[in-house]
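If you use the working numbering, the sequence shown closes out at 888, no skipped numbers anywhere. Glycine included, C-beta positions come from ideal geometry on N, C-alpha and C. Below is one structure, written out as structure tokens; comments come after it.
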Amino acid sequence: RDLCYENNSKQAYEKHLKERNGYQYIFRFPPEPNGYLHLGHAKALRTNFYSAEKLGGICYLRYDDTNPEKEKLDYIESIKDNVLWFGFKPYNITYSSDYFQEIYECAIKLINKGLAYACELSQEQMAELRQNKQASPYRNRSIEDNLRIFEDMKQGKYKENEVCMRMKIDYQHPNPTMRDPVMYRVKYHPHPKTGKKWCIYPMYDFTHCLCDSFENITHSLCTLEFEIRRDLYYWILDSLDLYKPVVWEYSRLNVSNSVLSKRKLLTLINNKVVDGWDDPRLLTINALRRRGVRPEAISAFVDLVNVARRGNENIIDQKLLDYCIRQDLENISPRTMAILEPIKLKIINFDDFNVKQVKVPLFPKEPNRGFRELNISSELLVDASDVRESEPNKKQEEIQQDLQKKNSKKIDKNTFIGIYPGSQISLKYFGVIEVLSVNLQDKIVKCKLISTEEKDRREALGQIHWINLSEAVQCQVKVYNDLFTVADPNQFDNILDAVNPNSLEEYNNAYINKDLIQLSQQYKTFQFERVGYFTLDQYLDASENKIRFNRTVSLKDRVNR
Ligand code: ATP
Ligand code: MG
Ligand code: MG
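Written as structure tokens, this is what we have:
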């Protein structure tokens with residue numbers, strides 16, 4: 328069934344049919360290039376491009392560039408780059424500004440029909456009259472006067488805000504967007520595409536429906552807050568007898584403990600809460616990329632939340648995103664070990680054992696996917712979080728006894744299992760040690776190796792990760808936590824009041840095994856065993872001369888380390 332037909336005059340519809348190259352479904356993704364794309368746009372992207380793909384249709388990437396002072400070429404480039412990164416292929420890349428001449432001609436038509444007028448009220452006065460459903464004193468200007476003033480606007484004879492063109496609809500309309508909305512205004516800021524060619528610019532509402540119509544869009548999808556603008560969308564196209572697409576609203580994506588709107592992202596950037604649009608704590612596409620998130624994970628997430636059209640503006644738990652990221656990374660990220668806060672571990676009887684190397688599977692569940700051979704020596708590094716100077720409340724023997732009594736293998740998650748004087752613990756893939764002494768001041772643990780048998784390793788209460796000191800390479804590791812302490816920062820008048828002061832943890836003296844640098848040619852993300860998924864930061868500037876890893880996602884639901 329062709330939804331478009333019932334909306335349109337026969338003539339407009341036939342023209343549309345002729346011009347649409349036989350495509351049944353034509354969508355568009357219409358970002359304004361006033362910022363970088365974020366996770367909300369990923370939903371919009373997928374809703375449009377993927378719908379077109381599934382239905383055998385096409386989708387335009389159309390830049391909605393009608394606010395020259397906010398828009399930049401840099402944003403334009405980045406948006407295209409992001410769209411391609413998702414694997415979507417725009418049928419064509421267009422700009423609202425491509426149609427400035429046609430849009431201008433439509434404005435002239437409306438003026439000639441007596442459906443638009445030049446208004447000299449200030450923005451405040453206009454807002455007040457619209458609010459009170461009162462007419463502008465300029466409403467009944469003659470067509471000739473309106474044409475002349477519009478021409479003068481175009482010629483640059485007016486200052487900004489001195490005059491604007493408004494549509495003449497119904498100043499008492501119950502829908503406030505219909506109360507003689509602004510159609511054109513004067514702006515002298517050069518436009519990123521058209522430079523100084525124009526000094527009058529059409530408003531979003533006037534532009535959007537016209538471009539949709541010119542491009543023969545069959546389904547114009549937008550977020551629910553535009554529902555109120557639908558009357559105006561159709562009024563404009565009706566008044567000009569142009570073909571009308573089907574407008575369809577879907578719910579706007581909100582994700583817990585974060586913000587998505589570009590305006591709010593800019594607030595965070597301008598106040599230096601984050602380092603820029605690609606700071607990995609943000610949910611911009613570039614930030615997610617930099618964190619090591621793949622488009623597959625984002626698409627899976629969007630598909631999970633995309634089911635409901637009319638869901639109220641609910642907030643999607645960021646845990647769902649994390650879950651999708653983990654699912655995606657699980658089978659493509661080799662297991663490796665990294666130490667964020669090093670403590671030296673000396674094995675005093677290392678030479679009594681004849682183990683100089685261990686084989687570590689890249690994917691323990693799939694040994695056929697390869698091994699790494701790690702050299703071992705008498706000095707290793709372990710992580711401070713696994714080390715205590717004194718015995719914890721519960722000794723290992725007691726834990727063992729408890730487990731036997733309960734006949735289970737489950738250890739209470741608050742119980743500390745690790746290195747302390749007298750403890751026995753297994754070093755992953757290597758052997759079981761008995762701890763002799765711990766000196767946290769000097770960051771040294773002394774221990775005795777008691778077995779290198781796999782069976783014994785498995786039977787030990789816990790296994791910890793390590794790095795061979797002689798093969799350790801220093802690096803920086805950044806762990807990102809929630810940027811906001813509350814699920815819905817949008818409820819705050821000032822979102823800065825809800826910022827989590829501990830959103831970034833930096834480990835400047837972290838270590839990885841040197842073979843990781845080689846491995847990172849082949850693999851983009853790694854699981855640092857027991858720590859999380861990590862990726863090499865691609866955005867290091869050359870002067871930094873450092874290796875940096877960003878945490879992509881924690882291994883379990885987000886808790887601060
Ligand atoms: P922002 O408030 O972030 O500036 P916007 O709606 O002004 O968002 P546009 O660049 O105009 O951003 O958006 C392009 C498309 O993406 C529009 O169709 C818009 O409805 C959609 N979109 C933007 N944010 C979201 C979101 N959070 N969830 C779903 N779709 C979104
Ligand atoms: Mg917009
Ligand atoms: Mg916007």
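Close CB contacts of Leu-580 within its chain, under the 6 Å cut and outside five residues either way in sequence, are with Gly-367, Lys-370 (chain order). For Leu-763, the three-state secondary structure derived from DSSP is strand. The C-alpha of Cys-651 lies about 56 Å from the C-alpha of Asn-473. 7 Å or more divides the Cβ of Arg-653 from the Cβ of Val-858. Beyond the five residues adjoining it in sequence on each side, Val-490 comes within less than 6 Å, by CB distance, of Ala-445, Glu-447 in the same chain, given in chain order. Assigned with DSSP and collapsed to three states, Ile-777 falls in strand. Sorting Leu-707, Ser-336, Arg-875, Gly-362 by C-alpha distance to the C-alpha of Lys-591 places Gly-362 at the top. Counting the other Cβ atoms within 10 Å of the Cβ of Tyr-332 gives fewer than 16, which makes it exposed. C-alpha of Tyr-485 to C-alpha of Ser-566: approximately 28 Å in a straight line.
Under the DSSP assignment, Pro-622 falls in the alpha helix (DSSP H) whose first and last residues are 622 to 632.
Contact annotation: Pro-607 and Arg-621 have beta-carbon atoms that are not nearer than 7 Å.
Look at Pro-395 here: in three-state DSSP terms it is helix. DSSP places Asn-598 in the coil class of the three-state scheme, outside both helix and strand.
Considering only Cys-526, Gln-845, Phe-876, the residue with the shortest C-alpha distance to Tyr-834 is Phe-876.
Segment contact: the region 500 to 518 against the region 557 to 564, three or more CB-CB distances shorter than 8 Å; contact assigned. Remark: C-beta atoms of Arg-785 and Val-759 do not approach each other more closely than 7 Å. Residue nearest to Ile-703 within the set Cys-526, Glu-693, Lys-673, Arg-715 is Lys-673 (criterion: CA-CA distance). Just measuring C-alpha positions, the residue of Ser-585, Ile-476, Ile-563, Ser-712 sitting nearest Ile-496 is Ile-563. Going by C-alpha positions, Ile-791 is about 26 Å away from Asp-864. Ile-822 is classed as buried because its beta carbon has at least 16 other beta carbons within 10 Å across all chains shown.
Between the alpha carbons of Gly-619 and Ser-405 lies a distance of about 17 Å.
Under the three-state reduction of DSSP output, Gln-768 falls in the coil class, being neither helix nor strand. Across the structure, Thr-779 and Asn-695 are spaced so that their CA atoms are roughly 23 Å apart. Residues with their Cβ less than 5 Å from any non-hydrogen atom of ligand 1, running along the chain, are Pro-358, Glu-359, Gly-367, His-368, Lys-370, Ala-371, Cys-549, Thr-550, Arg-579, Leu-580, Leu-587, Ser-588, Lys-589. Only residues of its own chain outside the window of five on either side were considered, and among them His-343, Tyr-570, Lys-571 have a CB closer than 8 Å to the CB of Asn-335, listed in chain order.
For the 7 Å CB-CB criterion, Pro-360 and Glu-398 form a contact. A distance of 7 Å or more separates the beta carbons of Tyr-422 and Lys-524. As the crow flies, the alpha-carbon of Thr-663 is around 18 Å from that of Glu-706. With respect to the 7 Å criterion, Ile-746 and Gly-789 are not classified as neighbours on the basis of their beta carbons. DSSP, read as helix, strand or coil, puts Thr-504 in helix.
In the displayed model, Asn-676 falls within coil according to three-state DSSP, outside both helix and strand. According to DSSP, Asp-710 shares a beta bridge with Pro-669.
Under the DSSP definition of a beta bridge, Pro-688 partners with Phe-698. One alpha carbon belongs to Glu-716, the other to Lys-770, and they sit about 10 Å apart. Rounded to the nearest whole angstrom, the C-alpha separation of Phe-533 and Thr-393 is 10 Å.
Cβ contact annotation for Tyr-402 (same chain, cutoff 8 Å, sequence separation greater than five): Pro-360, Asn-361, Gly-362, Tyr-363, in chain order.
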